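Chains as they are written, first to last, in our numbering: chain A, 1 to 374; chain B, 1001 to 1374. See structure below.
2 protein chains.
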Amino acid sequence: MKVNIQKEDLLYAVQAVERAVSNKNTLPVLGGILITAKDGLLSFRATDLEMAMECVINGDIVEEGEVAVPGRKFAGITRLLPSANISLESMGREQLLVEYERSQMSVPCFLAEEFPALPQPEGEIQGTIPVKPFRRLVRQVSIAAANDEVRPVFTGILLEISGDKITMVATDTHRLAKGVCPWQGQGEASLIIPCRTLQEIARLAVNEEDEIVLTANRNQAYFHLGNLTFTSRVITGQYPDYKQVLPADNLFCCHSLINNQRLCNALERASLISRDVTRGKGNIVRLTFEGDKLLLAAEVPDEGTIKEELPAEIEGETLVSNYNARYLLEALKVIEDDMVCFRLTGSTTPGVIEAATEENKDYMYLVLPVRVSR
Amino acid sequence: MKVNIQKEDLLYAVQAVERAVSNKNTLPVLGGILITAKDGLLSFRATDLEMAMECVINGDIVEEGEVAVPGRKFAGITRLLPSANISLESMGREQLLVEYERSQMSVPCFLAEEFPALPQPEGEIQGTIPVKPFRRLVRQVSIAAANDEVRPVFTGILLEISGDKITMVATDTHRLAKGVCPWQGQGEASLIIPCRTLQEIARLAVNEEDEIVLTANRNQAYFHLGNLTFTSRVITGQYPDYKQVLPADNLFCCHSLINNQRLCNALERASLISRDVTRGKGNIVRLTFEGDKLLLAAEVPDEGTIKEELPAEIEGETLVSNYNARYLLEALKVIEDDMVCFRLTGSTTPGVIEAATEENKDYMYLVLPVRVSR
């Protein structure tokens, strides 16, 4: 393989796929980025077997071929190359020569043929999603996904594709986030996609006017965006029936309307007291919804106490409920409204946080109070 | 104690002294910030016994007194307080009540009387240093100070006060940095001041038109800057006679003039190859000064090789010498000139890096080549 490429183009392609480079050492070649030069196109590809990313750009190909460069190291080199024409030339099967200006580097590579082949995009689900609402929704829903791998389905986001919309749901069983974004295409399906894959797509989808093309079958989902392709495994397993946990409208006995930023600030101050690092306990704040105010309180022996009073519009019962402050903060930060609506079904039963304005109410965040033994 | 203070003023004072709060747990009260309200002034003070910082501001004092708040925690709280009037009131001897808007926090405190007293500034050395050259020089010299505490004098910067200037010197025995800044005052002395203290002063000296007032005796140095006072211990011990290692002018046998930024970039690329993390070896690059070019090379088995060629104006012998790339990079980054002058006395004897322009030549960086066994 021998190609000529501008530093900026090389950097764009390498940085696009770098996040899919595996961190694990089990299969060394997965620490690589496969560069393929063929038919006037340069493809850059990385995969950790859960997610694969490919970026295809035009290149001046002197000799076709492929090479599997060490991913993170090559990305580091690329960032530091001068803004000039770069020549990449494979020397034998396990060496890449990088030439620029009057200088050169040689980098040991993996055997390209050991790099896993990617499946071809195919499936009965086919359609498009506009980037802007997709990005927003992924950001809003991903906060509720679980981080630990104990129950894999909870590390994913459920995509319910039906009619002209996709409903996304995530939960770690303590809270649940749900929202919708537009969909134009065919097929009906429920797919559990790893949260991280969707976050990577959202990260690289910088042009809000673009559309993402989704192709999916039972095992794989393919997301195309311009010259980028993401291949993701679909998480197998049964997603819980989330509709069952959404409270019926008539169960809400307390409705409150609160300034988003003020509540955030108060919760962050409370976290300084209640975030009890040494004992690993969790960041509990007590909220009292009463009259025209929301009272917020926390106390931890040796750490201190806090009592805040925020103006609020409250209708319904007076309620006192304990929450993990972090769970509330994460939701408030992804709701872009100035005012938020916090509705409760009781002191120990789920509450729902939503934007106050009607057009943003397609997103909801359900959160369970924490049981406090005294 | 009871005082009223605007959040911004409180934040300024707390952040000014926060860095002197001790990280060690040996004497818990050193993790505190002592707030003293007296005679219409509010003093904030922290010390880790090596360095003490005090910030004095005006405050609305309702009741005089003092309180020793937990330093980092109180700084965290202060950052998150609303932009409003804050009331601080001691409750008994070990509790502070923080009131703001319609909210309040109580924070457990240390016993104020356990906080160590600060020595009064006194000494035969007295004078002023303009902030701008002081900041620049501290940045330029501190790179050569040692980090490890094995030989305490090398963790300090030597201040030679004499006539109308202060010469600062730092070395970790592999390299030595030296420069001068103006001084107007009385007394002659050689003081070894902890590098970290000088860096903290430089960090807080944001107004380049200000002057630092220095008062010093054999054991302590006091730096005043507006409403800030830094008290630093003077490191005891004999600083090596650095003049002995500075090569006489006639020993230089090779003079080169190189573009600073291009050399930096090349060294950073070389570091990607030569920074041999796994084997803990040190980042060695080979420089060849020859004709009208500087050749830069590094090779590490399994990591790769690099060969760069940079244009350079070279006079004198052709020399090949090995350096720790990091040592060169750190010097190049604090020299603000576009062109740098690298003069050598031989392949295995010290070289000197300086700015190319005459007015910046008051700073010099001496570096020893690395011996490479082959």
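Even glycine gets a Cβ: it sits at the ideal position worked out from N, Cα and C. The structure presented is a predicted model; accordingly, all values stated were derived computationally and were not measured.
- If you draw a 10 Å sphere on the C-beta of residue 1311 of chain B, you find fewer than 16 other C-beta atoms in it, and that means exposed.
- A straight-line Cα-Cα distance of about 19 Å links residue 5 of chain A and residue 1308 of chain B.
- Looking from the CA of residue 245 of chain A, the closest CA among A/187, A/147, A/267, A/368 belongs to A/368.
- For residue 1122 of chain B, same chain residues with a beta-carbon under 7 Å away, outside a window of 5 residues either side, are 1215, 1217 in chain order.
- For residue 1310 of chain B, the uninterrupted beta strand (DSSP E) segment begins and ends at 1304-1316.
- Think of a sphere of 8 Å around the beta carbon of residue 265 of chain A: the chain B residues whose beta carbon falls inside it are 1080, 1082, in chain order.
- Residues of the stretch 1104-1124 of chain B that bring their beta carbon within less than 8 Å of a beta carbon in chain A comprise 1104, 1105, 1106, 1107, 1108, in sequence order.
- Residue pairing for residue 43 of chain A: DSSP places it in a beta bridge opposite A/36, A/56.
- Linking residue 58 of chain A to residue 40 of chain A through their CA atoms gives a straight-line distance of about 6 Å.
- It is roughly 34 Å from the alpha-carbon of residue 112 of chain A to the alpha-carbon of residue 129 of chain A.
- Contact check for residue 1160 of chain B against residue 1189 of chain B passes: the beta carbons are separated by less than 9 Å.
- For the set A/14, A/264, A/7, the Cα lying nearest the Cα of residue 204 of chain A is the one of A/14.
- In this structure, residue 318 of chain A lies away from residue 345 of chain A, with their beta-carbon atoms at least 9 Å apart.
- Our two residues, residue 66 of chain A and residue 107 of chain A, have alpha carbons roughly 14 Å apart in a direct line.
- Interface flag for residue 1305 of chain B against chain A is set, since a Cβ pair is found closer than 9 Å.
- Around the C-beta of residue 274 of chain A, 16 or more other C-beta atoms lie within 10 Å, and the residue is accordingly described as buried.
- Neighbours of residue 1102 of chain B in chain A, taken as residues whose beta carbon is under 7 Å from its own, are 309 in chain order.
- The DSSP-derived three-state label of residue 1236 of chain B is coil.
- In the structure shown, residue 243 of chain A adopts helical secondary structure according to DSSP, grouped into three states.
- Across the structure, residue 1264 of chain B and residue 1339 of chain B are spaced so that their CA atoms are roughly 11 Å apart.
- In terms of CA proximity to residue 196 of chain A, A/149 leads the group A/149, A/247, A/294.
- Residue 1074 of chain B carries a helical assignment under DSSP once its states are collapsed to helix, strand and coil.
- When secondary structure is reduced to three states using DSSP, residue 95 of chain A falls in the strand class.
- B/1351 is the residue among B/1226, B/1351, B/1372 whose C-alpha sits nearest the C-alpha of residue 1176 of chain B.
- At the C-beta level, residue 169 of chain A and residue 239 of chain A come within 9 Å of one another.
- Under the Cβ criterion of 9 Å, residue 268 of chain A is counted among the residues facing chain B.
- Listed along the chain, the chain B residues whose CB falls inside 9 Å of the CB of residue 302 of chain A are 1108.
- Residue A/284 holds the alpha-carbon nearest to the alpha-carbon of residue 305 of chain A among A/313, A/316, A/284.
- Residue 1026 of chain B sits exposed, since fewer than 16 C-beta atoms from the chains shown fall within 10 Å of its C-beta.
- Taking CB atoms only, residue 1032 of chain B has no neighbour in chain A less than 9 Å away.
- Excluding five sequence positions before and after residue 1254 of chain B, the CB atoms of its chain that fall closer than 6 Å to its own CB belong to 1289, 1316, 1317, 1319, 1344, given in chain order.
- Residue environment analysis places residue 51 of chain A among the buried positions, since at least 16 neighbouring C-beta atoms fall within 10 angstroms of its C-beta.
- In this structure, the straight-line span from the alpha carbon of residue 1332 of chain B to that of residue 99 of chain A is close to 25 Å.
- Chain A has no Cβ within less than 9 Å of the Cβ of residue 1332 of chain B.
- Residue burial is scored here from C-beta neighbours: residue 1064 of chain B has fewer than 16 other C-beta atoms within 10 angstroms and is therefore classed as exposed.
- For residue 49 of chain A, the secondary structure class from DSSP, reduced to helix, strand or coil, is coil.
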